[in-house]
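Each residue of the sequence shown is one higher than the one before, counting from 3 in the working numbering.
By construction, the Cβ of each residue, glycine as well, lies at the ideal position given by its N, Cα and C atoms.
Just so you know, these numbers come straight off a predicted model, no measurement behind them.
Beneath this line is the structure, given in C-alpha cells, with notes to follow.
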Amino acid sequence: MAHRYLPYIHNQVLELANPELSMTRKEMREKFKEELDKASGHANQDEVKRNREFLALQDMLPVALQRTQAEETGKNALSRFAASTEEDVEFSK
C-alpha cells in the first residue's frame with residue numbers, strides 16, 4: 003500500500019520545491035475544491051468536512067519545508083530535485 007503514496011509525496015515535494023511549476027495535480031485540486039463547494043448543500047456533511055480539513059492540511063504543507071529552505075544546502079537540494087524530475091502519476095484508487 004505504501005507504494006501508492008509515493009507518487010503523491012513525490013509530487014507534493016516537487017510542487018513545494020517549485021511552486022510556479024504547472025502541474026496537473028494543481029488543476030485537479032482546484033476542480034476538487036469547486037466540486038466540494040457545489041456539493042456542500044446536498045452531500046454527506048461528514049465527507050464534506052473531512053475533505054475541507056484535508057485541503058486545509060495540504061495548504062499548510064509549505065511549513066514542513068521551511069527548515070529545509072532556511073539552509074543553503076536544503077535550498078540547493080530542492081532546486082536540484084525540481085530540475086531533475088517531473089510530475090508522477092498519482093493513483094486515484
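The beta-carbon separation of R27 and E92, rounded to 7 Å, stays under the 8 Å limit for a contact.
The C-alpha of Y10 lies about 24 Å from the C-alpha of D48.
Taking C-alpha positions only, R54 is separated from A45 by approximately 13 Å. If the five residues before and after L38 are omitted, its C-beta is found closer than 6 Å to the C-beta atoms of N53, all from its own chain and listed in chain order. Under the three-state reduction of DSSP, M25 is assigned to coil, being neither helix nor strand.
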